[in-house]
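**Q** Last residue of the sequence shown? That's 488 in our numbering, and every number before it is there in order.
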Amino acid sequence: MIRLGLEILGIDIGGSGIKGALVDIESGQLTSERFRLETPTGAYPKEVAGVVHAVTEHFSWKKKVGVTMPVRIRDGIARTAANIDQSWIGTNVEELFSSTLGSEVTVLNDADAAGYAEVHYGAAKGASGKTLVLTLGTGIGSSLFVGPVLVPNLELGHLRMAGTTAEALAANSIRKRDQLSWKKWAKRLQNYLTYVEFLFDPNLIILGGGVSRPKRTKHYFHLLKTTAQLLPAHFQNEAGIIGAACAAHTLTD
Ligand code: BGC
């Protein structure tokens, strides 16, 4: 294959699968097929690093890699772990992956990665002011950008609401699990949006995850009211891969 421009391998570690693809940094487009392996049972650090290695080997990739996962990362170290083993907390994940892969690795939170994809190539491209990206999936992920600059690790899915957490009330997994009507779920989401608007007063809010596809947004977008502009995400499944590759470029060059 002839490769033009700068490519970075983006890898998205999720609860069930570890997916990777090559990303063209200019356009944010995938330049390879996606390759997916199962997340090993327990999702322990060493085993996950082994699978991440296998993904890089699939692409015969020895250069820079961007990795994203549902943890809060500061200075390369995982500070929280949601939906993966607690032994990640305190692990220097950048060191673990770099030494396993033998290459330079940038690691960031999955919602921060999704935000990178939207801000650099998607629905928030060129936006000024504050952009808040919320991913509605198993949990609720959040990322805040001031212009193109990320304010990392917000974890707004864990905000306390009605005696529990926002994601336990309004994540898409809860809508499905409790068979909530779109109207009922939208009401919960509305309360959450009002809360985060109060805290951050963003100019633009992007809603991501599977519910940001047009065939889903038609059920609930019209029920939501925000002072910020409200848009569905441009990327769904590939947001993590694209954002991880973009962050590996932006944060290290
Ligand atoms: C985690 C976040 C993650 C979000 C979406 C939350 O439970 O705490 O780190 O971004 O789920 O996966």
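Backbone N, C-alpha and C fix where the C-beta goes; we use that ideal spot for every residue, glycine too.
For Q425, report the span of its alpha helix (DSSP H) as first-last.
**A** First-last of the alpha helix (DSSP H) with Q425: 417-435.
**Q** Per the contact definition of three or more C-beta pairs closer than 8 Å, is the stretch 286-299 in contact with the stretch 366-377?
**A** Result no; under three Cβ-Cβ pairs closer than 8 Å.
**Q** Hey, would you say the C-beta of N472 is under 8 Å away from at least one heavy atom of the ligand BGC?
**A** No, the ligand BGC has no heavy atom inside 8 Å of this Cβ.
**Q** In whole angstroms, give me the CA-to-CA distance for H457 and L331.
**A** Their Cα atoms are separated by approximately 45 Å.
**Q** Taking the beta carbon of F380 as the centre, do at least 16 other beta carbons fall within 10 Å, making it buried, or is it exposed?
**A** Buried is the call here.
**Q** For A256 and V342, what's the separation of their Cα atoms in angstroms?
**A** So the alpha carbons of these two residues sit roughly 15 Å apart.
**Q** Is the distance from the Cβ of F294 to the Cβ of S262 below 9 Å?
**A** Not in contact: F294 and S262 (Cβ atoms no closer than 9 Å).
**Q** Does the ligand BGC have a heavy atom nearer than 8 Å to the CB of I312?
**A** No - the ligand BGC has no heavy atom lying nearer than 8 Å to the Cβ of I312.
**Q** Using a threshold of 9 Å, state whether the C-beta atoms of L367 and F435 are closer than that.
**A** A contact, by the Cβ cut-off of 9 Å.
**Q** Sort I308, N472, G392, G285 by Cα distance to L265 and report the nearest one.
**A** Per the Cα distances, N472.
**Q** Considering Cα atoms alone, identify which of N388, V384, P383, G382 is closest to G376.
**A** Of the candidates N388, V384, P383, G382, the one whose C-alpha sits nearest the C-alpha of G376 is N388.
**Q** Going by DSSP, name the residue or residues bridged to V283.
**A** Paired residues: none, contrary to the question.
**Q** For D345, verify whether its CB is less than 8 Å away from any heavy atom of the ligand BGC.
**A** At least one heavy atom of the ligand BGC is nearer than 8 Å to the Cβ of D345, so yes.
**Q** Between the C-alpha atoms of R395 and V384, what's the straight-line distance to the nearest angstrom?
**A** Computed Cα separation, rounded: 26 Å.
**Q** For the beta strand (DSSP E) that D347 lies in, which residues bound it at each end?
**A** That residue, D347, is in no beta strand (DSSP E); its alpha helix (DSSP H) goes 345-356.
**Q** Would you check if the distance between the CB atom of G249 and the CB atom of D345 is smaller than 9 Å?
**A** Yes, these two residues count as a Cβ contact at 9 Å.
**Q** Give me the Cβ distance between A349 and L439, rounded to the nearest whole Å; I'm assuming they're in contact under 8 Å.
**A** Between L439 and A349 the Cβ distance is about 14 Å, and since that is not below 8 Å, they are no contact.
**Q** How far does the beta strand (DSSP E) with F332 in it reach, from first residue to last?
**A** Here F332 belongs to no beta strand (DSSP E); instead the alpha helix (DSSP H) covers 328-336.
**Q** Look at the alpha carbon of D320 and the alpha carbon of A284, and state the distance between them as a whole number of angstroms.
**A** Answer to the nearest angstrom: the Cα atoms are 13 Å apart.
**Q** With respect to 8 Å, is the separation between the Cβ of S338 and the closest non-hydrogen atom of the ligand NAD below this value?
**A** Ligands in the displayed structure: the ligand BGC; the ligand NAD is not one of them.
**Q** Ordered along the chain, which non-local residues of its own chain (more than five positions away) have a Cβ less than 7 Å from that of S322?
**A** Excluding residues within five positions, the ones whose Cβ falls inside 7 Å are Y279, P280.
**Q** If you measure from the CB of S377, is any heavy atom of the ligand BGC nearer than 8 Å?
**A** Flag set: Cβ of S377 near the ligand BGC.
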